[in-house]
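Inspection log for the structure reproduced underneath, given as structure tokens.
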Amino acid sequence: MNISNFIWNIADDVLRDIYVRGKYRDVILPMTVIRRLDAVLEPTKASVLKMKTQLDSAGVANQHAALCQASGEAFYNTSSFRLRDLTTKSRRQQLKADFEAYLDGFSPNVQEVLDKFKFRNQIPTLVEADALGFLIEKFLDPSVNLSPKPVLHQDESVRLPGLDNHTMGTIFEELIRRFNEENNEEAGEHFTPRDVVELMAHLIFMPIADQIQSGTYLVYDGACGTGGMLTVAEDALVNLASEHGKDVSVHLYGQEVNPETYAISKADLILKGEGVEAENMKFGSTLSGDAFPSREFDFMLSNPPYGKSWKTDLERMGGKKDLRDARFVIEHADDPEFNLTTRSSDGQMMFLASMLSKMKTGSPLGTRIAEVHNGSSLFTGDAGSGESNVRRWIIENDWLETIIALPLNIFYNTGIATYIWVLSNRKAPERQGKVQLIDATTWFKPLRRNLGKKNCELAQDDRRRTVDACLAMQPDEHSKIFPNAAFAYWKVTVERPLRLSVDLSEDALRRFDSAAAEAGETQLSAVVEDLAEKLGTGPHLDFGAVLDEVEGIARQRGVRMTAKRQKLLKTGLGRKDPAAEPVVKKVSKPKAGADADHDALYGRRHIRQSDKPAVVEYEPDTELRDTEQVPFLEDGGIEAFFRREVLPHASDAWIDAAKTVIGYEISFTRHFYKPQPLRELREIEADIRALEDETEGLLEDVLGGGD
């Protein structure tokens, strides 16, 4: 029996007239957890009650360890009830009291799970509708087994198989997906399909399989959802170590902001008997409330939310200007405040930066990371932005090993392009200084039936093919190898000179008089009138020469030419004119041994002034300002690019070196683009003639209809 369908049907049978469909989850998810806990505890119920009596009689205060030992699990229930003892035969209020006593009997670690579900808030509604007993009976249906242990026939053969941890997590996630669809929410927002998780686990473990030693390893997920990614990684690491004759102990750590999925992750670990591990699951936002600020991990896997705002977290952290979190404001590239803070509309790369801050630096294997992102992490953000800075920090530290493009529609909640980033701070020698891109978009198996938007899966052969391509690190149609510098570029600011002509016509003078009066500079109007008499109406194409004339007239009138007055002349009389001379900003003496050709590229032009050598710099025209992206691997660098691509089209342009910024972006499309062959002319002609015939037929119908 499909258990998720069975549970969904319970919701429809019991809750239809009590809750709107979008609220079914408030009851069904916690009841599913409760029934699973109850099924696990049933065999040792008597032992727990006996131990509880003995401990109470002896006056023992700290009873948790002994009660866990009696239950054989990392949790227990000390109430006198099992779930099957609570039936519809009881009166409503008695059933309510008994059920609440049953819930109160759970151990503290389970109490936190129930609190996060806020399940006790639903009990009055269920009791009032006389539905609580009916709900319990439905979950006790003998045809379904929610226990991790199989249900046996009398001959010891399996009647109903048990549910392992991940399968139970899959059931939870399928229920969450369906509930979210009822609420028009993002279906499966918190769930990464098992096939993708297994691929991620193989990508971080297989490259160092021969280097794994017996010992303890810490695995972390900063957006752990229901914890399925952690448990799959644990199983993969333990099995791989065993195959190599090693004995490893794996400790799981996770943080989750959604209370329901957090409750499920903790419940799953409790059910596995890993009570200590369950305490390593922390509730809250990883970005604004990191639960493991000083912890380092051996392996990290995550599927953080992408395209989702983290504005609330940013505000909690003081806003972008005041953010000082050492995970996101670091020292890099001679910048003591190198900022990794991304746009508040999408926080996925913030999760990656947080994980990178937790890498081990003192162990032989260092840390290996696999994280899922959408395409925006590859290229979004201009040079100097938080997104580009994260990519720069990663690649310049040589941490990025591989990025794998996954098939479309591989996730439940989105059909967009997704990618697995694989990172390590202990890259193998053959990988150092290089990045591998793998196009695995065609390596999948179609599903017979869609699951949400997921219409395909990574079959075992597909996962093996992807991992093999990663391990081989050979260039081919699906695998490309690049030096780190291939993804870097300089964003260069190109300036053009401001060219102003001066109009001294009557209309221009009236406009200037008005501007001068408004600015409280009426003295300047008289100076300009004298200027017009001396030079004529114009237009005058050398603003610098006009300004010199103004200076002379102003001295004669006793008017001091302040910076404010010079600016008023420029805005009040100057008109942009491509035929005019450039406006001079600064004139200086040339430095000894200076290269005039080189200086000109950066806006310092060598001229002769009053028969003496001088260097002139021009005012830039902000409207003509432009930028160019110059690849790090450009032969000859910025200057060669500028001479070839800019100067032939704008001979007066120069580079503002102070504005040059380094950026990083990764373009899968560019590297894996396959041009479609052009259609033959006869095919195009046939299509055109077919359209003409169809159009002619429609015209005849229209004309015929008008008769």
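Going by our numbering, the first residue of the sequence shown is number 933, and it counts up by one from there.
Heads up, the beta-carbon is just placed ideally off N, CA and C, and yes, glycines get one too.
All of these numbers come straight from a predicted model, not from anything done at the bench.
| said: Along the chain, where does the beta strand (DSSP E) containing SER979 start, and where does it finish? | reply: That residue, SER979, is in no beta strand (DSSP E); its alpha helix (DSSP H) goes 977 to 989.
| request: Per DSSP, which residues does LYS1544 bridge with? Please list them. | output: LYS1544 pairs with GLN1541.
| Per DSSP, what kind of secondary structure is MET1291 in: helix, strand or coil? | It is a strand residue.
| query | By a C-beta neighbour count over all protein chains shown, 10 Å radius and 16 as the cutoff for buried, is ASN1190 buried or exposed? | reply | That one is buried.
| query | Using the C-alpha atoms, what's the distance from HIS1305 back to PHE1475? | reply | Take the alpha-carbon of PHE1475 and the one of HIS1305: they are about 54 Å apart.
| query | In chain order, what residues of the same chain have a beta carbon less than 6 Å from the beta carbon of PHE1573, not counting five sequence neighbours either side? | reply | If you ignore the 5 residues before and after PHE1573, its C-beta comes within less than 6 Å of the C-beta of VAL1562, GLU1566, all in its own chain and listed in chain order.
| With a CB to CB cut of under 6 Å and the five nearest residues on each side skipped, what residues in its chain are close to PHE1051? | In its chain, beyond the 5 residues on either side, PRO962 have a beta carbon closer than 6 Å to the beta carbon of PHE1051.
| field | PRO1203 in three-state terms, based on DSSP | value | Note that residue 1203 is Leu in the sequence shown, not Pro. LEU1203 sits in a helix when the DSSP states are folded into three classes.
| query | Just checking my contact of ASP1230 with LEU1184 at CB under 8 Å: how many whole Å lie between their CB atoms? | reply | The Cβ separation is near 12 Å, so there is no contact.
| said: Suppose you measure from the CA of HIS1410 to the CA of ASP1142; what does that come to, to the nearest Å? | reply: Each residue's alpha carbon lies about 26 Å from the other.
| request: Give the C-beta separation of TRP1353 and GLU1303 to the nearest angstrom, bearing in mind that I take them to be a contact with Cβ-Cβ under 8 Å. | output: The pair is a contact, with the Cβ atoms about 5 Å apart (cut-off 8 Å).
| said: Here's the rule: buried if 16 or more other CB atoms are within 10 angstroms of the residue's CB, otherwise exposed. What is ILE1539? | reply: Exposed, since its Cβ has fewer than 16 Cβ neighbours within 10 Å.
| said: Extract the residue ranges of the beta strand (DSSP E) inside the segment 1406 to 1439, only unbroken runs of 3 or more that lie entirely within it. | reply: The segment 1406 to 1439 contains these whole beta strand (DSSP E) runs: 1411 to 1415, 1420 to 1427, 1432 to 1434.
| Contacting residues, own chain, Cβ-Cβ under 6 Å from ASP1408 (five flanking each side not counted) | Within the same chain, ASP1408 has no close Cβ partners at all.
| request: Just the C-alpha distance for ILE1301 and ILE1570, rounded to the nearest angstrom, thanks. | output: When the Cα atoms are used, ILE1301 and ILE1570 turn out to be separated by approximately 35 Å.
| Would you call ALA1119 buried or exposed, if buried means 16 or more other Cβ atoms sit within 10 Å of its Cβ? | Residue placement at ALA1119 is poorly supported in this model, since its pLDDT is 41, which falls under 50; the coordinates still yield a value, given next. Looking at its Cβ environment, which holds 16 or more other Cβ atoms inside 10 Å, ALA1119 is buried.
| said: For LEU1430, tell me which candidate among LYS955, THR1293, SER1583, GLU1555 has the shortest Cα-Cα distance. | reply: Out of LYS955, THR1293, SER1583, GLU1555, GLU1555 has the C-alpha closest to the C-alpha of LEU1430.
| said: For MET1213, list the residues DSSP reports as bridge partners. | reply: Beta-bridge pairing links MET1213 to GLY1186.
| Simplified DSSP assignment, three categories, for LYS1386 | In the structure shown, LYS1386 sits in a strand (DSSP, three-state: E or B).
| Counting Cβ pairs closer than 8 Å, one from the segment 1429 to 1448 and one from the segment 1499 to 1509, do we hit at least three? | The count of Cβ pairs closer than 8 Å, one atom from the segment 1429 to 1448 and one from the segment 1499 to 1509, reaches three, so the stretches are in contact.
| message | Can you tell me whether LYS1508 is helix, strand or coil according to DSSP? | response | When DSSP states are grouped into helix, strand and coil, LYS1508 belongs to the strand group.
| field | Contact under 8 Å by Cβ, ALA1447 with LEU1533 | value | Not closer than 8 Å, so no.
| query | Going by Cα to Cα distance, which pick from LEU981, GLN1025, GLU1624 is closest to ALA1063? | reply | When LEU981, GLN1025, GLU1624 are compared, the shortest CA-CA separation from ALA1063 is found for GLN1025.
| Where are the alpha helix (DSSP H) runs, 4 residues long or more, that stay fully inside the segment 991 to 1063, in chain order? | Fully enclosed alpha helix (DSSP H) runs of 4 or longer: 996 to 1003, 1024 to 1036, 1040 to 1049, 1055 to 1060.
| Under a three-way DSSP split, which group does GLU1566 fall into? | Note: GLU1566 maps to coil in three-state DSSP.
| Among all the DSSP beta bridges, which residues are the ones paired with THR1350? | According to DSSP, THR1350 bridges with ASN1306.
| Helix, strand or coil: how does DSSP classify LYS955 here? | The DSSP-derived three-state label of LYS955 is helix.
| Which of helix, strand or coil does DSSP assign to THR1148? | Strand.
| query | Considering GLN1455, what are the terminal residues of the beta strand (DSSP E) in which it resides? | reply | Run containing GLN1455: none in the beta strand (DSSP E); it sits in the alpha helix (DSSP H), 1454 to 1467.
| What separation, rounded to the nearest whole angstrom, lies between the Cα atoms of VAL1261 and GLU1453? | Using only the alpha carbons, I get a separation of about 48 Å.
| query | Who are the near neighbours of ASP1278 in its chain, counting only those whose CB is closer than 6 Å to its CB and skipping five residues on each side? | reply | Sequence-distant partners of ASP1278 (beyond 5 residues in either direction) whose C-beta falls short of 6 Å from its own C-beta, in its chain, are GLY1239.
| task | If I'm right that MET1232 touches MET1287 with Cβ under 8 Å, what's the distance once you round it to whole angstroms? | result | Contact holds; Cβ gap of about 5 Å.
| task | Label ASP1047 either buried or exposed according to how many other C-beta atoms from any shown protein chain fall within 10 Å of its C-beta, with 16 as the threshold for buried. | result | With fewer than 16 Cβ atoms within 10 Å of its Cβ, ASP1047 is classed as exposed.
| query | Measuring CA to CA, which of ASP1619, TYR1344, LYS1366 is closest to GLU1105? | reply | The residue with the shortest Cα to Cα distance from GLU1105 is TYR1344.
| said: Using only the alpha-carbon positions, how far apart do LYS1466 and HIS1530 sit? | reply: Near 40 Å, if we compare the C-alpha coordinates of HIS1530 and LYS1466.
| Can you name the residues that DSSP bridges to PRO1514? | When beta bridges are read from the DSSP output, PRO1514 appears opposite ARG1431.
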